[in-house]
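K.L.:
Just dropping this structure here.
Protein chains in written order, with the working numbering: chain A, 3 to 114; chain B, 195 to 306.
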């Protein structure tokens with residue numbers, strides 16, 4: 003019954019080597035979000051899609067990109083990961099903006 | 195933009211006692227206030243939420259109160275149990291806005 007699925011759950015990448023994280027949802031929600039969460043901190047919104055409309059947060063580094071090829075899937079691309087990008091990456095969905103957000107289990111990214 | 199402050203940062207309670215976490219927000223246009231529980235290494239899970247058209251909402255042992263005039267809202271957990279130990283995040287949002295502004299989180303420890 004998983005509603006928001008993230009793959010992989012754990013990802014190890016090398017410094018500077020591009021990496022892609024995946025999120026899918028079975029809820030048919032309009033909005034998909036990507037958050038970065040570092041240890042002992044609150045989730046930090048990177049960007050979100052409202053349908054196909056991409057909304058970037060002002061302080062999200064250019065190193066982070068996203069794609070949403072269809073309603074169900076959303077990808078987070080990190081073009082050149084640095085050591086500071088090691089974190090938990092959480093995908094979330096909501097029916098519309100301002101509605102309840104449902105989080106996926108997250109992908110733990112390690113950068114070596 | 196919206197700013198959410200959350201207190202205390204850590205809370206230790208004896209099993210069976212009550213726990214209260216308080217949050218304040220800055221944007222009077224915010225109208226949706228969810229609370230998330232996050233256990234170590236797991237996803238944030240929505241435990242209760244409240245919209246600005248009500249002042250209080252209860253679900254079994256948890257309740258949330260909202261004071262729009264003072265711009266603060268609180269989470270109340272009664273009869274705490276060891277499984278209530280987790281980090282709790284408050285958040286604020288508004289309809290049509292794709293962002294949850296999180297508080298910094300409260301580490302709750304329930305000791306038997």
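Heads up, the beta-carbon is just placed ideally off N, CA and C, and yes, glycines get one too.
Values in this document were obtained by computation on a predicted structure and should not be read as measured data.
To the nearest angstrom, how far is it from the Cα of residue 57 of chain A to the Cα of residue 242 of chain B?
P.N.:
Residue numbering aside, residue 57 of chain A sits at position 55 when the first chain is read from its first letter. Residue numbering aside, residue 242 of chain B sits at position 48 when the second chain is read from its first letter. Using only the alpha carbons, I get a separation of about 27 angstroms.
K.L.:
Under 8 angstroms, Cβ to Cβ, is there at least one residue of chain B near residue 99 of chain A?
P.N.:
For this step, residue 99 of chain A is matched to residue 97 along the first chain. For residue 99 of chain A, the answer is yes, since a Cβ of chain B falls inside 8 angstroms of its Cβ.
K.L.:
Suppose you measure from the CA of residue 296 of chain B to the CA of residue 285 of chain B; what does that come to, to the nearest Å?
P.N.:
Numbered from 1 along the second chain, position 102 holds the residue referred to as residue 296 of chain B. Numbered from 1 along the second chain, position 91 holds the residue referred to as residue 285 of chain B. Computed Cα separation, rounded: 4 angstroms.
K.L.:
Taking contact to mean at least 3 C-beta pairs separated by less than 8 angstroms, is the segment 83-93 of chain A in contact with the segment 268-275 of chain B?
P.N.:
no
K.L.:
Where residue 201 of chain B and residue 269 of chain B are concerned, what is the direct C-alpha to C-alpha distance, given to the nearest angstrom?
P.N.:
What you label residue 201 of chain B is simply residue 7 of the second chain in a count that begins at 1. What you label residue 269 of chain B is simply residue 75 of the second chain in a count that begins at 1. Rounded to whole angstroms, residue 201 of chain B to residue 269 of chain B spans 11 angstroms at the Cα level.
K.L.:
What separation, rounded to the nearest whole angstrom, lies between the Cα atoms of residue 41 of chain A and residue 258 of chain B?
P.N.:
As a first step, residue 41 of chain A is located in the first chain; it is residue number 39 there, counting from the start. As a first step, residue 258 of chain B is located in the second chain; it is residue number 64 there, counting from the start. Using only the alpha carbons, I get a separation of about 26 angstroms.
K.L.:
Check the Cβ-Cβ distances between residue 306 of chain B and every residue of chain A, and say whether any is below 8 angstroms.
P.N.:
Working through the second chain from its first residue, we reach residue 306 of chain B at position 112. No, no contact with chain A.
K.L.:
Looking at C-alpha atoms only, which residue of A:80, A:70 and A:108 is the closest neighbour of residue 31 of chain A?
P.N.:
Here the question's residue 31 of chain A lines up with position 29 in the first chain. Answer by Cα proximity: A:70.
K.L.:
Report yes if the CB atom of residue 247 of chain B is closer than 8 angstroms to the CB atom of residue 220 of chain B, and no otherwise.
P.N.:
As a position in the second chain, residue 247 of chain B is number 53, starting the count at 1. As a position in the second chain, residue 220 of chain B is number 26, starting the count at 1. No, these two residues do not count as a Cβ contact at 8 angstroms.
K.L.:
Does the beta carbon of residue 67 of chain A come closer than 8 angstroms to any beta carbon on chain B?
P.N.:
For the purposes of this step, residue 67 of chain A is identified with residue 65 of the first chain, where counting begins at 1. Output row for residue 67 of chain A: interface = no.
K.L.:
Below 7 angstroms CB to CB, which residues in the same chain sit around residue 216 of chain B once its five sequence neighbours on both sides are set aside?
P.N.:
Along the second chain, read from residue 1 onward, the residue named residue 216 of chain B stands at position 22. Here the set comprises 201, 266 and 268.
K.L.:
So that I know if they touch, is there some Cβ in chain A lying closer than 8 angstroms to that of residue 287 of chain B?
P.N.:
Along the second chain, read from residue 1 onward, the residue named residue 287 of chain B stands at position 93. Chain A contact via Cβ: present.
K.L.:
Span of the beta strand (DSSP E) holding residue 234 of chain B?
P.N.:
To locate residue 234 of chain B, count along the second chain from 1; it is residue 40. No beta strand (DSSP E) contains residue 234 of chain B, which DSSP labels as neither H nor E.
K.L.:
So, are the CB atoms of residue 52 of chain A and residue 99 of chain A less than 8 angstroms apart?
P.N.:
Translated into positions along the first chain, residue 52 of chain A becomes position 50. Translated into positions along the first chain, residue 99 of chain A becomes position 97. Their beta carbons are under 8 angstroms apart, which means residue 52 of chain A touches residue 99 of chain A by this criterion.
K.L.:
Give me the chain B residues within the contact set of residue 50 of chain A, using Cβ-Cβ distance strictly less than 7 angstroms, ordered along the chain.
P.N.:
Reading the first chain from its first residue, position 48 is the one you call residue 50 of chain A. Near residue 50 of chain A (Cβ distances below 7 angstroms), the residues of chain B are 292.
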